[in-house]
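Each remark here refers to the structure printed beneath this line.
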Amino acid sequence: MKITLVKKLLADGSPCKKCGDVLQKLEESGYMSRIDEVLVADERDPDSAGIKVAAQHNVNRAPFFVVEEDGKAPVIYTVYFKFVKEVLAQKTSETDELKEIMNDNPDLDYI
1 MKITLVKKLL
11 ADGSPCKKCG
21 DVLQKLEESG
31 YMSRIDEVLV
41 ADERDPDSAG
51 IKVAAQHNVN
61 RAPFFVVEED
71 GKAPVIYTVY
81 FKFVKEVLAQ
91 KTSETDELKE
101 IMNDNPDLDY
111 I
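With UniProt numbering, the residue at position 90 of the sequence shown is 90, and numbering never jumps.
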């Protein structure tokens, strides 16, 4: 299995806030060692590796993970806790997962 993390640099050169949060979580949990490759989607460079991978997989948010296994189509994860739960086989709370989804989609509202 190959795991690629794509993080974003904003047009002003600063890292996106969510990318920083996810990187911190990966480091603190020790999961960073399970990431095989980190690519940067640089808004200032349309030819950056991360921009190309995002376009290839039709992803318009960062950070995201590309999980590749031999003989299978790549699987894209845009929700950190879902990635941890499904790929790293760690227990995450449904509350954390839903909170991340709500933070990523401010247009959604509670039912």
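A virtual CB, placed ideally from N, CA and C, is assigned to each residue, including glycine.
Among residues of its own chain, excluding the 5 on either side of proline 74, which ones have a beta-carbon nearer than 8 Å to its beta-carbon?
-> In the sequence shown, the residue the question calls residue 74 occupies position 74. Cβ within range, chain order: His57, Val66, Val67 and Glu68.
Measuring CB to CB, does residue 140 end up less than 8 Å from serine 48?
-> The chain is shown only over 1 to 111; residue 140 falls outside these bounds and no answer can be derived.
Alpha-carbon to alpha-carbon, glutamate 86 and lysine 8 | Position 8 of the sequence shown, counting from 1, holds the residue named residue 8. Position 86 of the sequence shown, counting from 1, holds the residue named residue 86. Each residue's Cα considered, the two are about 23 Å apart.
Residue(s) in a DSSP beta bridge with threonine 78 = Taking the first residue of the sequence shown as 1, we reach residue 78 at position 78. Paired residues: none, contrary to the question.
Alpha-carbon to alpha-carbon, aspartate 70 and methionine 1 | Taking the sequence shown and counting its residues from 1, one reaches residue 1 at position 1. Taking the sequence shown and counting its residues from 1, one reaches residue 70 at position 70. Taken atom to atom, the span from the alpha-carbon of methionine 1 to that of aspartate 70 is near 7 Å.
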